[in-house]
Amino acid sequence: MSLLITGAAGFIGMHVARALLARGETVIGVDDVNAYYDPALKEARLAELARLGGGAFRFVKLDIAAPGAFAALLAQEAAADRIVHLAAQAGVRYSLVNPGAYVRANVEGHFAVLEACRLRGGVKHLVYASSSSVYGGNEKLPFAVEDRIDRPVSLYAATKAADELMSHCYAHLYGLAQTGLRFFTVYGPWGRPDMSAFIFTRAILAGQPIKVFNRGDMRRDFTYIDDITAGVLAALDRPPTLPSPASGGGLGGGAPHRLYNLGNSRSEELLDFIAAIETALGKKAIIEPAPMQPGDVKDTYADIAASRRDLGFAPKTTIREGIPKFVAWYRAFYGV
Numbered sequence: 031m032s033l034l035i036t037g038a039a040g041f042i043g044m045h046v047a048r049a050l051l052a053r054g055e056t057v058i059g060v061d062d063v064n065a066y067y068d069p070a071l072k073e074a075r076l077a078e079l080a081r082l083g084g085g086a087f088r089f090v091k092l093d094i095a096a097p098g099a100f101a102a103l104l105a106q107e108a109a110a111d112r113i114v115h116l117a118a119q120a121g122v123r124y125s126l127v128n129p130g131a132y133v134r135a136n137v138e139g140h141f142a143v144l145e146a147c148r149l150r151g152g153v154k155h156l157v158y159a160s161s162s163s164v165y166g167g168n169e170k171l172p173f174a175v176e177d178r179i180d181r182p183v184s185l186y187a188a189t190k191a192a193d194e195l196m197s198h199c200y201a202h203l204y205g206l207a208q209t210g211l212r213f214f215t216v217y218g219p220w221g222r223p224d225m226s227a228f229i230f231t232r233a234i235l236a237g238q239p240i241k242v243f244n245r246g247d248m249r250r251d252f253t254y255i256d257d258i259t260a261g262v263l264a265a266l267d268r269p270p271t272l273p274s275p276a277s278g279g280g281l282g283g284g285a286p287h288r289l290y291n292l293g294n295s296r297s298e299e300l301l302d303f304i305a306a307i308e309t310a311l312g313k314k315a316i317i318e319p320a321p322m323q324p325g326d327v328k329d330t331y332a333d334i335a336a337s338r339r340d341l342g343f344a345p346k347t348t349i350r351e352g353i354p355k356f357v358a359w360y361r362a363f364y365g366v
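For the sequence shown, our numbering gives the first residue as 31, with consecutive numbering after it.
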């Protein structure tokens, strides 16, 4: 049997595909390779997967939100019995500029995946990406999966919360086993250029100032990509069943649908994160204090008790270990 990964040219998608290939899986990667950020980086990720996977990796360029497109693909791929759905329009701040892109990719795209699974049948498990952004303006820390998510502070967060609700509905009505994973600020090699590690590294090397929002009074649960990848695979290998009353972290509500936080379970000061980059680069940052941005939150911090218990999730990479690995990749990839 094989499995299908949407968003395979993306940061997390590439790493998950690589890990699955390494354990002998046959992977079908799907992505539209759009221009939200440099498509050349996405193409390089796909080239790396092709190099590592050989005949075990096959790529299909496809916009999953195009009507009927994903359903047609899944109908052709009869051997694909598991799906890791990571395709989405990412980025909180861009949702203030182009909100329509989020409704289309995250809501319509997620719906298209759910409908394709329903129509074809035979999908044993759908694992999909949610986000720590769903916790919105919650002030209780750490964030637990049982916390309310009905107060989003960005449209991006609202679309991810909508995805979770639609998934629960399809699990309840059609028995489609699903696991939603709320990712917390992922960084590492092959990362996204719109994320802080990438932005800060590029600016510091160029001698340019970096904007530090809320004047540095921010904390994030920075999570290294290898830990996230291990969590995704652990979830994929443990499809929820019905009933599952013991799974306190599931929020299944009688449906084969579970939700988990995947974070480092450490809330780091933003200025400490910048200091780790400075140390890895051997160069000081020029810091430009800036006010809090609309749609942003001051703190994120993951309660991972449920994912530890149910998935064996055990993140182990600190920013002082992970940042030098990212910087080494950045220097090598860009020839800096």
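Glycine included, each C-beta is placed from N, C-alpha and C at the ideal position.
In the DSSP assignment, find the unbroken beta strand (DSSP E) run with V63 in it and report its ends. The sequence position of residue 63 within the sequence shown is 33, counting from 1. No beta strand (DSSP E) contains V63, which DSSP labels as neither H nor E.
Rounded C-alpha distance that separates R53 from F87: Within the sequence shown, numbered from 1, the residue matching residue 53 stands at position 23. Within the sequence shown, numbered from 1, the residue matching residue 87 stands at position 57. C-alpha of R53 to C-alpha of F87: approximately 13 Å in a straight line.
Burial state of D302, where buried means 16 or more other Cβ atoms lie within 10 Å: Along the sequence shown, read from residue 1 onward, the residue named residue 302 stands at position 272. By the 10 Å Cβ count, D302 comes out exposed.
In terms of residues, what are the limits of the beta strand (DSSP E) holding Y132? Reading the sequence shown from its first residue, position 102 is the one you call residue 132. DSSP places Y132 in no beta strand (DSSP E) but in the uninterrupted alpha helix (DSSP H) bounded by 129-132.
Please say whether F89 and I42 have beta carbons closer to each other than 9 Å? Taking the sequence shown and counting its residues from 1, the one referred to as residue 42 is at position 12. Taking the sequence shown and counting its residues from 1, the one referred to as residue 89 is at position 59. Their beta carbons are not under 9 Å apart, which means I42 does not touch F89 by this criterion.
Please list, in chain order, all residues of the same chain as A95 whose beta carbon is under 7 Å from its beta carbon, the five residues on each side excluded. Locating residue 95 in the sequence shown gives position 65, counting from the first residue. Leaving aside the five residues that flank A95 on each side, the residues in its chain whose CB is nearer than 7 Å to its CB run, in chain order, R134, A135, E138, G139, A142.
Within the stretch 77-142, ranges of the beta strand (DSSP E) (whole runs, at least 3 residues): Runs of the beta strand (DSSP E) inside the stretch 77-142: 87-91, 110-115.
Which word fits Q106, buried or exposed, when buried means at least 16 other C-beta atoms lie within 10 angstroms of its C-beta? The count along the sequence shown starts at 1 and reaches residue 106 at position 76. By the 10 Å Cβ count, Q106 comes out exposed.
Since V38 is in the beta strand (DSSP E), which residue starts that stretch and which ends it? One-based indexing of the sequence shown puts residue 38 at position 8. The displayed chain sequence assigns Ala, not Val, to residue 38. Per DSSP, A38 belongs to no beta strand (DSSP E) and is neither H nor E.
Confirm the yes/no value for this check: CB of A192, any heavy atom of the ligand GDP, distance under 8 Å. You won't find the ligand GDP in this model; it holds no ligand whatsoever.
Cβ-Cβ distance between P345 and I334 below 9 Å: Stepping through the sequence shown from its first residue, residue 345 is reached at position 315. Stepping through the sequence shown from its first residue, residue 334 is reached at position 304. Between P345 and I334, the C-beta gap is smaller than 9 Å, which places the two residues in contact.
Could you compute how far the alpha carbon of M31 sits from the alpha carbon of A159? Translated into positions along the sequence shown, residue 31 becomes position 1. Translated into positions along the sequence shown, residue 159 becomes position 129. Taking C-alpha positions only, M31 is separated from A159 by approximately 22 Å.
Helix, strand or coil at Y364 according to DSSP, with G and I counted as helix: In the sequence shown, counting from the first residue as 1, residue 364 sits at position 334. Here Y364 sits in helix by DSSP.
In this structure, how does DSSP classify T259 when only helix, strand and coil are distinguished? Against the sequence shown, residue 259 aligns to sequence position 229. T259: helix per DSSP, three-state reduction.
Look at A320 and K190 and say whether their C-beta atoms are less than 9 Å apart. Here the question's residue 320 lines up with position 290 in the sequence shown. Here the question's residue 190 lines up with position 160 in the sequence shown. Not in contact: A320 and K190 (Cβ atoms no closer than 9 Å).
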